[in-house]
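Visitor: Offset between the sequence shown (1-based) and our numbering: plus 34. For each residue, glycine too, the CB sits at the ideal point set by N, CA and C. Small disclaimer: the values here were computed from a predicted structure and weren't measured. The structure follows.
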Amino acid sequence: KYESYPYERMQKIREQNIASSLRTYYKKPLLLHQGHMQWLFDHEGRRYLDLFAGIVTVSVGHCHPKVTMATQKQLARLWHTTNIYMYPAIHEYAEKLTSLFPDPLKVVYLTNSGSEANDLAMFMARVHTRNFDIICLRGGYHGGSPYTLGLTSLTPYKHGVANGFGCTTTMLPDVFRGPWGGSHCRDSPVQTVRKCNCTEGACHAKDQYIEQFKDTLNTSVPKTVAGFIAEPIQGVNGAVQYPRNFLKEAYQLIRERGGLCISDEVQTGFGRTGSHFWGFQTHGVVPDIVTLAKGIGNGFPMAAVVTTKEIASSLAQNLHFNTFGGNPLACVVGAAVLDAIEEDGLQKNSEDVGTYLLLELAKLRDKFEIVGDVRGKGLMIGVEMVTDKDSRHPLPAEEINQIWEDCKDMGVLIGRGGLYSQTFRIKPPMCITKRDVDFAVEVFHTALQRHVERAAAK
Ligand code: PMP
Numbered sequence: 035k036y037e038s039y040p041y042e043r044m045q046k047i048r049e050q051n052i053a054s055s056l057r058t059y060y061k062k063p064l065l066l067h068q069g070h071m072q073w074l075f076d077h078e079g080r081r082y083l084d085l086f087a088g089i090v091t092v093s094v095g096h097c098h099p100k101v102t103m104a105t106q107k108q109l110a111r112l113w114h115t116t117n118i119y120m121y122p123a124i125h126e127y128a129e130k131l132t133s134l135f136p137d138p139l140k141v142v143y144l145t146n147s148g149s150e151a152n153d154l155a156m157f158m159a160r161v162h163t164r165n166f167d168i169i170c171l172r173g174g175y176h177g178g179s180p181y182t183l184g185l186t187s188l189t190p191y192k193h194g195v196a197n198g199f200g201c202t203t204t205m206l207p208d209v210f211r212g213p214w215g216g217s218h219c220r221d222s223p224v225q226t227v228r229k230c231n232c233t234e235g236a237c238h239a240k241d242q243y244i245e246q247f248k249d250t251l252n253t254s255v256p257k258t259v260a261g262f263i264a265e266p267i268q269g270v271n272g273a274v275q276y277p278r279n280f281l282k283e284a285y286q287l288i289r290e291r292g293g294l295c296i297s298d299e300v301q302t303g304f305g306r307t308g309s310h311f312w313g314f315q316t317h318g319v320v321p322d323i324v325t326l327a328k329g330i331g332n333g334f335p336m337a338a339v340v341t342t343k344e345i346a347s348s349l350a351q352n353l354h355f356n357t358f359g360g361n362p363l364a365c366v367v368g369a370a371v372l373d374a375i376e377e378d379g380l381q382k383n384s385e386d387v388g389t390y391l392l393l394e395l396a397k398l399r400d401k402f403e404i405v406g407d408v409r410g411k412g413l414m415i416g417v418e419m420v421t422d423k424d425s426r427h428p429l430p431a432e433e434i435n436q437i438w439e440d441c442k443d444m445g446v447l448i449g450r451g452g453l454y455s456q457t458f459r460i461k462p463p464m465c466i467t468k469r470d471v472d473f474a475v476e477v478f479h480t481a482l483q484r485h486v487e488r489a490a491a492k
């Protein structure tokens, strides 16, 4: 298989013919051969437990048989016509997908990537409200297109060129890194070690963050806005969770100013948070627009914007066209993914296995000074690495890289995130088992132990 393209040759082609902005993971990047459910296999047959699900895209399992079979069947029948004709797949999928949303979110517009979905969501919010400004949170990732880059607030992804006019970034309500702590404020089986001044029934940290949010609205944007976008749990920034009720109050403030609320469910959707199918439900809110990608197609390139009939119809005054969005193949994949989530009980598995994993990781946090925070919900988990829990300085890159490489060498693939790449992101395919968790936690424990030994030997 790899005779005509041995590893070294591929590396050379990468250097010469593939854009270097597309970075690979690890000192010696993996050369993948195959995937099966929660497992990946490299070209030498080594097996890895995939705790990052191909950047959170593999929701039901690599090459899940149900999805593969449905795709193969459709491949032989019809794959892509544009939306100028009708075909059953898109109708079947639109009905199935929207049935999972509360009223009035019943209309879908299918696209091809998360950036494209957020581009469209911004566009819809502006066309519908006839306002321009959109508020977003620090640390959010909403895409890399010039439009959505205005919403993405992470320096590593920013380039010094004009992007996303009318996007205003406001303070991130982060109970671990932020100034007000929040030791029992987040919706997670594991709370942060950072104490706060909350009292029974009143969340001090949330109140402070809402004051900051109001401040932004009162000082930095016009009196009316087009909208507000947030991830229910931040993905690229390392599973950052907000205090309970923050989103609810922020939504209210935006609506008072004529804006629409957009929930970016590109990472949190499809049962990943365990307790609910959509991340926004964990915050007790109903957005006006929801964007979906990644897990929607279990790795197949597809995405969606779900909204109300009224908002969608604002765009209908003129044409808005997308050649590949909602093609029959994508729709069949999307429907098979929804079936697999239901038939395999994956939302419940996310809750059970995710909670188990979080609690096991919390034990490591209590044992190792460099594990600063363990957070998340279901299988959307972050482990933030620090020099020590008091200062919360990010663990230096060479130290965190070594732990990460060690985990890989022992057969566990983990993601990275956060402004300083200081947070391990654990978001496996939702079919992962408790046995896999035991293996992964043992590997992580060994890697941390080795770090302690290295530090002691210095
Ligand atoms: N929103 C979120 C929350 C994301 O994590 C990402 C991708 N990391 C995007 C949007 C953009 O998706 P895509 O890469 O498919 O354009």
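#1: What residues in its chain sit with their C-beta under 6 Å from that of A364, if we drop five residues either side in the sequence?
#2: Could you pull out every residue in the same chain whose Cβ sits closer than 7 Å to the Cβ of L349, ignoring the five residues on either side in sequence?
#3: Is A273 near ligand 1, going by C-beta to nearest heavy atom under 7 Å?
#4: Which residue or residues does DSSP assign as beta-bridge partners of T457?
#5: Shorter than 7 Å, the distance from the beta carbon of G148 to the closest heavy atom of ligand 1, or not?
#6: Taking just the CA atoms, how far does D400 sit from E37?
#7: In terms of residue numbering, what span does the beta strand (DSSP E) encompassing L281 cover?
#8: Give every residue of the same chain whose Cβ lies closer than 6 Å to the Cβ of I288, excluding the five residues on either side of it in the sequence, and list them in chain order.
#9: Is the CB-CB distance between S149 and G178 below 8 Å?
#10: For H67, name the three-state secondary structure that DSSP assigns.
#11: Indicate whether the contact test is met: 3 or more Cβ pairs, each with one atom in the stretch 365 to 382 and one in the stretch 88 to 96, closer than 8 Å.
#12: Can you give me the C-alpha to C-alpha distance between E403 and Y276, rounded to a whole angstrom?
#13: Is D153 close to ligand 1? I mean its beta-carbon at under 7 Å from any heavy atom of the ligand.
#14: Report the option in S384, G406 and L326 whose CA atom is closest to the CA atom of V142.
#15: For R228, count neighbouring C-beta atoms within 10 Å of its own C-beta (all shown protein chains included) and say buried if the count is 16 or more, exposed if not.
#16: When burial is assigned at 16 or more other CB atoms within 10 Å of the CB, is F199 buried or exposed?
#17: Mind checking who F75 pairs with in its DSSP beta bridge?
#18: Less than 8 Å between the C-beta atoms of V417 and I460, yes or no?
#19: Return the residue from the list R111, Y121 and L393 that minimises the CA-CA distance to K468.
#20: With respect to 7 Å, is the separation between the Cβ of H176 and the closest non-hydrogen atom of ligand 1 below this value?
#21: With D373 as the anchor, note down where its alpha helix (DSSP H) starts and where it stops.
#22: Only counting the same chain, and skipping five residues up and downstream in sequence, which positions put a Cβ closer than 7 Å to that of P495?
#23: Is A327 near ligand 1, judged by its Cβ being under 7 Å from some heavy atom?
#24: Do Q301 and ligand 1 come close, with the Cβ less than 7 Å from some heavy atom?
#25: Excluding sequence positions up to five away, which residues of its chain have a Cβ less than 7 Å from the Cβ of G318?
#26: Between V477 and G445, is the Cβ-Cβ spacing less than 8 Å?
Guide: Inspection of the coordinates gives the following:
#1: Excluding sequence neighbours, A364 sits near M336.
#2: Taken in chain order, the residues that qualify are M158 and V161.
#3: False, no ligand heavy atom lies under 7 Å from that Cβ.
#4: Residue pairing by DSSP places T457 opposite E418 and G451 in a beta bridge.
#5: Answer for G148: yes, Cβ within range of ligand 1.
#6: C-alpha of E37 to C-alpha of D400: approximately 48 Å in a straight line.
#7: The continuous stretches of beta strand (DSSP E) do not include L281, which lies in the alpha helix (DSSP H) extending over residues F280 to E290.
#8: Exclusion of the five residues before and after I288 leaves F262 and C295 as the residues of its chain whose Cβ lies within less than 6 Å of its Cβ.
#9: In contact: S149 and G178 (Cβ atoms closer than 8 Å).
#10: In the structure shown, H67 sits in a strand (DSSP, three-state: E or B).
#11: They touch, by the three-pair rule.
#12: Roughly 24 Å separates the two Cα atoms.
#13: It does not: the Cβ of D153 is nowhere closer than 7 Å to a heavy atom of ligand 1.
#14: Closest by alpha carbon: L326.
#15: R228 sits buried, since 16 or more C-beta atoms from the chains shown fall within 10 Å of its C-beta.
#16: F199 comes out exposed.
#17: In the DSSP output, where bridge partners are listed per residue, F75 has Q68 and R81.
#18: Yes.
#19: Closest option to K468, Cα to Cα, is L393.
#20: Yes, the beta carbon of H176 sits closer than 7 Å to at least one heavy atom of ligand 1.
#21: Segment P362 to E377, the alpha helix (DSSP H) holding D373.
#22: The question about residue 495 has no answer here: the residues shown for the chain are numbered 35 through 492.
#23: Under cutoff, so the answer is yes.
#24: Checking the 7 Å criterion, the Cβ of Q301 is within range of a heavy atom belonging to ligand 1.
#25: If we look at G318 and ignore the five residues flanking it on each side, its Cβ neighbours are K282.
#26: In contact: V477 and G445 (Cβ atoms closer than 8 Å).
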